[in-house]
Structure formats: structure tokens, C-alpha cells
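First comes the structure, then the notes that go with it.
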Amino acid sequence: MVYKFVVLSDEDESFMREFEFLDSQTLLDFHNLIQEELEFDKSQMASFFMAADNWEKEEEFTLFDMGTGSSTMEDAVLEDIIFHKNQKLMYVFDFFNDRSLFIEYTGEADEINGREYPVCSNSSGLPPKQVVFGSSSKKIYRNIIVSDDDDDDDDDMDSLFLDDDDMLPDFGNDEPLIDDED
């Protein structure tokens with residue numbers, strides 16, 4: 005039996021891929037086809053998530069055993085995890101910016117003799133860039149690295165950093181940092 009899926013991106017409405025898999029294939033096969041079809045860098049981490057009807061993430065399937073109790077893509081056989089039409093999955097390909105592909109199971113079909121699976125059976129639009137460094141990355145950096153806890157009365161750490169409009173202090177050293185005489 006062949007399982008059919010449609011893959012969409014919320015970044016570009018014109019992007020769409022239709023993939024077909026044998027029911028005995030795994031999420032690792034799905035991952036590899038996405039990587040190949042979208043020309044992604046295979047060294048980047050990715051995960052699949054089962055998703056609720058509102059696209060809320062549920063069970064995670066990781067690329068490798070992360071020691072967190074999550075199942076791996078290699079162990080997730082499609083016929084064991086896909087149970088009904090319109091079942092949803094998310095493929096997170098950029099963890100820093102929480103960017104995903106949205107996948108929906110559209111039904112099954114008979115296997116076509118001589119066709120190799122998995123296969124991309126329909127394609128339109130350009131794929132999203134795999135990694136984007138932008139405002140989301142900066143926001144994550146600010147929230148994790150530079151955040152200030154408002155309930156924290158300890159300003160010792162805050163005093164180590166300059167505000168944007170602060171001038172550097174004059175340390176009274178007029179010697180150049182680089183010796184230009186060489």
C-alpha cells in the first residue's frame with residue numbers, strides 16, 4: 005500500500021510537495037526524501053512531530069536517540085503511526101527559529117509497478133531556506149543570553165554591560181594598542 009502526503013510551508017503559499025511512500029517505510033525515509041528534494045544540508049538536526057488538528061506539537065520523533073525517551077525516525081514505521089486521513093505531522097528543520105514544514109496524510113493508493121518509493125509525485129514553488137539568521141534568532145539570543153529578570157534585585161550583572169547610549173570609560177592610558185614602528 006502507498007501512503008500519500010502533502011507538504012506545505014507557512015513561509016510561501018506557492019510551495020507544495022506531494023510525496024508517496026510504501027506503508028512499510030519510516031520517518032527516516034521521509035526525512036531523507038525531504039532533505040534530498042529540498043536540497044537541505046544533511047548535517048542539520050531535524051525532528052518530526054505528530055500534530056493535533058490545530059498543529060500543536062505532540063509526540064516527537066528524533067533523527068538520533070537523544071536519551072529523552074523520544075522515538076527515533078528510524079523506528080517509526082508509517083503504517084504504525086498513520087491511522088487516519090488528514091492526520092498531521094510537522095517537520096521541524098530549523099530549531100533556532102522554530103520553522104517547520106506542515107505535513108498532512110491525504111490517503112492511500114495502490115503501488116505502481118516499477119515505481120521506486122519514496123517519490124515526490126508533484127512539486128510547485130521554491131522550498132524555504134533551511135537556516136535563516138534573522139530577528140527570531142536575535143530574539144532567542146536576547147531571551148536566553150541577555151535577558152534581565154525584572155523580579156531580580158541583583159543588579160551586579162547588569163552593571164557589567166553598557167547600555168546602547170553609554171560611552172566607554174576613559175582608562176587614562178594614552179599608549180596605542182598596536183605598535184606601528186615595525
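Each number in our numbering comes from the position in the sequence shown (counting from 1) with 4 added on.
The beta carbon of each residue, even a glycine, is placed where N, CA and C say it ideally should be.
> Is residue 3 helix, strand or coil when you go by DSSP?
Replying inline: Residue 3 lies beyond the residue range present for the chain, which begins at 5 and ends at 186; the question has no answer from this structure.
>> What ranges does the alpha helix (DSSP H) occupy inside the stretch 66-124, keeping only unbroken runs of at least 4 residues that lie completely in it?
In response: Taking only runs of at least 4 residues, the alpha helix (DSSP H) segments lying wholly in the stretch 66-124 are 82-85.
>> Since residue 6 and residue 23 should fall inside the 8 Å C-beta cutoff, what is the C-beta to C-beta distance between them, to a whole number of angstroms?
In response: Your numbering for residue 6 matches position 2 in the sequence shown. Your numbering for residue 23 matches position 19 in the sequence shown. Wrong, their Cβ atoms sit about 10 Å apart, outside the cutoff.
> Since residue 54 sits in a beta bridge, which residues does DSSP pair it with?
Replying inline: Working through the sequence shown from its first residue, we reach residue 54 at position 50. In the DSSP assignment, residue 54 is bridged to 93.
> Would the beta-carbon of residue 94 fall within 8 Å of that of residue 31?
Replying inline: Mapped onto the sequence shown, residue 94 falls at position 90. Mapped onto the sequence shown, residue 31 falls at position 27. When the beta-carbon positions are compared, residue 94 and residue 31 stay at least 8 Å from each other.
> What does residue 9 pair with, by DSSP beta-bridge criteria?
Replying inline: Position 5 of the sequence shown holds residue 9. Per DSSP, the beta bridge partners of residue 9 are 23 and 109.
> Apart from the five residues just before and just after residue 127, which ones in its own chain have a Cβ nearer than 8 Å to its Cβ?
Replying inline: In the sequence shown, the residue the question calls residue 127 occupies position 123. Closer than 8 Å at Cβ, skipping near neighbours: 20, 21, 22 and 41.
>> Quick check: residue 74 and residue 64, are their CB atoms within less than 8 Å of each other?
In response: Sequence index remark: in the sequence shown, residue 74 carries index 70 (1-based). Sequence index remark: in the sequence shown, residue 64 carries index 60 (1-based). In contact: residue 74 and residue 64 (Cβ atoms closer than 8 Å).
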